[in-house]
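A quick write-up on the structure given underneath.
Residue numbers (UniProt numbering): 1 to 732.
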């Protein structure tokens, strides 16, 4: 049997096309896509020892369904899925799919062909094979089988085509997503930081690099053009619009393995030699992210639960047979779910025919189909796949439990634990916390592993999964790469073992990375005329900002009677874990409360007037006002109060979709509320008003001017108080 072959999906596809498979007969407007469905940097072990990553469930849906749905929504007609390991499982899944089976009359694709390259060791091997097969006839899209997106690509495709017509050397367009003022969770889950140098006028990518913790960025001063910016605030969702020239470049360099670290870096470095130009399409709207490691899997799932990826929500039910419905408590249940009267389920997804026992609490989690959850169980921020049994009194915290696993009575599964298929943990076991356990029935070689009774108990089944170690890789750089791989292969967010340097790129997005003159302190900064580090506002995320903002906003949104103490504890824990500065805390708190207030003004959340929105944002949760006063402001000093007012001003101005004048009206209402609540005093607000930073550009000044009535009132009230004091003195 040849090592390179196409599966039965391909055969079915060709019969559907009725003989029109020749590339010469294809219409020019047929949109083609290549899906890379294999992972050569596997961050999902031990789960992927038994199942391909693209078929793992994410929010109750196999990941590849999101990818194929996105291609269908963008009008792709011909799809070629490349895979190596687990190719038969992917073949079977596609062939049995109700929507994407190429023989189905409801399939959105005219062609869906699965191509197996069993001896491939990299993405480069796939693309070189694609070049040899000559099955794409013109421009095509390359994505990975772990892509979750709702982004329309029509504009990017049109711009790519226009550039191509103007210059045949414009060979690729990368679709990237800006992080934004309120950053995507994915932004802070990264260990390896991508850096793009982009032309300001045309979006041409001029340099690309990836930095590990502790490394600084060196700009190549020979890059073409004069006006460019260094972007560290982009999510690379792995969507590339390519020409056939791209395949030729891959075939010419057999040492290229990875699309970015090798191919993109090399092509840009040798641009004078090859003459090819690569462009970027940077999006500010829409959702796009790859579930390429466990942290991103966690981020995307939370975004879907929190409806940040709308219309990608469970109740869309775009997979055949799903019956999800949204509940009043913000959860989504399929038909046949049974929850005991004394149970509590919040912000979670539960699949069909699963049951939740009495006095069990499920929070921000996903439970698959046919699961049995006992009594007095606590499940928090965890992902329970199909056919799992969890006995009474167990506790599951921020972990993944795969299909058909069983957790015994009273078992504690701590933060970051990975329990693979069919593992059983016996009653009363306490699994290790540091490092968290990865438990499997298989070894790296996919051979059965002997059970470790000390780990899973005498009635348990399973043992610790150990990553193989290459003894030859002992150089410092290889150690850093391995450390980064370990970090990405975990649900936990600790970066302590990586020894971050003060010159790490993680400081690039922080105000602390600038000196008093606003010049960058990052090594390798460009000279005059260059935007560096590129559209990074003072509210761009540092290592702390993203999770802090999301945590606070989620707490403010929660429909329960709990006070703000738990949110405060989580916030302070993040602060300590990331060694965040007081300024970083102030920014995060300002962004969170500003976002919540602006959200309450939207029609979807009640359409409140600014005054009511500000009042509810601050007072709906008991303890929130005290939290702002003690942590956000941090003291009675008028300077600290002015800093918080300035942080609110900039936060409101940065909210997408909120008009400048509406932002000003909301700021005035929020300052008025904080004054009434004794968080801000007259001197604090007046000090902010006099601060030059509050009006340093046109938009800031417009927002500030909407607060003039409040400031005038405060000044007049202060004068009246002085007059009253003088009158009392005269009467004496």
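Cβ coordinates follow ideal geometry from the N, Cα and C atoms, glycine included.
Indicate whether residue i and residue j have their beta-carbon atoms separated by less than 7 Å.
{"i": "residue 363", "j": "residue 375", "result": "no"}
{"i": "residue 431", "j": "residue 443", "result": "no"}
{"i": "residue 238", "j": "residue 290", "result": "yes"}
{"i": "residue 172", "j": "residue 246", "result": "yes"}
{"i": "residue 385", "j": "residue 368", "result": "yes"}
{"i": "residue 176", "j": "residue 234", "result": "yes"}
{"i": "residue 544", "j": "residue 584", "result": "yes"}
{"i": "residue 703", "j": "residue 647", "result": "no"}
{"i": "residue 652", "j": "residue 666", "result": "yes"}
{"i": "residue 84", "j": "residue 117", "result": "yes"}
{"i": "residue 223", "j": "residue 200", "result": "no"}
{"i": "residue 196", "j": "residue 208", "result": "yes"}
{"i": "residue 151", "j": "residue 286", "result": "yes"}
{"i": "residue 160", "j": "residue 241", "result": "yes"}
{"i": "residue 733", "j": "residue 31", "result": "Outside the displayed span of the chain (1 to 732) sits residue 733, for which this structure offers no information."}
Can you list, in chain order, the residues of its chain with a C-beta nearer than 8 Å to that of residue i? Leave out the 5 residues immediately preceding and following it.
{"i": "residue 459", "result": "408, 424, 426, 427"}
{"i": "residue 563", "result": "621, 622, 623"}
{"i": "residue 434", "result": "none"}
{"i": "residue 254", "result": "124, 128"}
{"i": "residue 392", "result": "357, 374, 375, 376, 377, 409, 410"}
With a cut-off of 8 Å on the beta carbons, I'd call residue i and residue j a contact; round off their distance for me.
{"i": "residue 781", "j": "residue 334", "result": "Outside the shown range of the chain (1 to 732) lies residue 781, about which nothing can therefore be said."}
{"i": "residue 336", "j": "residue 352", "result": "5 Å"}
{"i": "residue 79", "j": "residue 111", "result": "7 Å"}
{"i": "residue 123", "j": "residue 257", "result": "7 Å"}
{"i": "residue 555", "j": "residue 567", "result": "4 Å"}
{"i": "residue 311", "j": "residue 324", "result": "No, residue 311 and residue 324 are not in contact; Cβ-Cβ is about 13 Å, not under 8 Å."}
{"i": "residue 267", "j": "residue 278", "result": "6 Å"}
{"i": "residue 251", "j": "residue 131", "result": "5 Å"}
Keeping to the same chain, check which residues put their C-beta closer than 6 Å to that of residue i; ignore five residues upstream and five downstream.
{"i": "residue 383", "result": "366, 400"}
{"i": "residue 210", "result": "192, 194, 261"}
{"i": "residue 592", "result": "549, 552, 553"}
{"i": "residue 81", "result": "35, 37, 114"}
{"i": "residue 65", "result": "319"}
{"i": "residue 164", "result": "170"}
{"i": "residue 713", "result": "none"}
{"i": "residue 68", "result": "100"}
{"i": "residue 419", "result": "401, 405, 439"}
{"i": "residue 265", "result": "208"}
{"i": "residue 72", "result": "108"}
For the alpha helix (DSSP H) holding residue i, just list the boundary residues, first then last.
{"i": "residue 644", "result": "638 to 653"}
{"i": "residue 803", "result": "Residue 803 cannot be examined here, being either before or after the span of the chain that is shown, 1 to 732."}
{"i": "residue 228", "result": "Premise fails: residue 228 lies in the beta strand (DSSP E), 228 to 231, not in any alpha helix (DSSP H)."}
{"i": "residue 545", "result": "545 to 557"}
{"i": "residue 96", "result": "87 to 96"}
{"i": "residue 265", "result": "265 to 269"}
{"i": "residue 164", "result": "154 to 166"}
{"i": "residue 669", "result": "660 to 676"}
{"i": "residue 313", "result": "That residue, residue 313, is in no alpha helix (DSSP H); it is neither H nor E in DSSP."}
{"i": "residue 295", "result": "294 to 305"}
{"i": "residue 456", "result": "453 to 456"}
{"i": "residue 612", "result": "610 to 619"}
{"i": "residue 133", "result": "123 to 133"}
{"i": "residue 690", "result": "682 to 690"}
{"i": "residue 703", "result": "698 to 705"}
What residue range does the beta strand (DSSP E) around residue i cover?
{"i": "residue 143", "result": "140 to 144"}
{"i": "residue 584", "result": "It is not in any beta strand (DSSP E) - residue 584 instead sits in the alpha helix (DSSP H) that spans 582 to 601."}
{"i": "residue 149", "result": "147 to 149"}
{"i": "residue 346", "result": "344 to 346"}
{"i": "residue 361", "result": "361 to 363"}
{"i": "residue 288", "result": "288 to 290"}
{"i": "residue 117", "result": "111 to 117"}
Apart from the five residues on each side of it in sequence, which residues of its chain come closer than 7 Å, Cβ to Cβ, to residue i?
{"i": "residue 710", "result": "668, 671, 672"}
{"i": "residue 644", "result": "586, 590, 632, 633"}
{"i": "residue 642", "result": "684, 687, 688, 691"}
{"i": "residue 464", "result": "437, 438, 439, 452, 455"}
Quick one: what's residue i bridged to in DSSP?
{"i": "residue 32", "result": "78, 140"}
{"i": "residue 326", "result": "332"}
{"i": "residue 440", "result": "463"}
{"i": "residue 196", "result": "208, 231"}
{"i": "residue 57", "result": "62"}
{"i": "residue 242", "result": "140, 172"}
{"i": "residue 372", "result": "355, 389"}
{"i": "residue 679", "result": "According to DSSP, which records beta bridges pairwise, residue 679 is partnered with nothing at all."}
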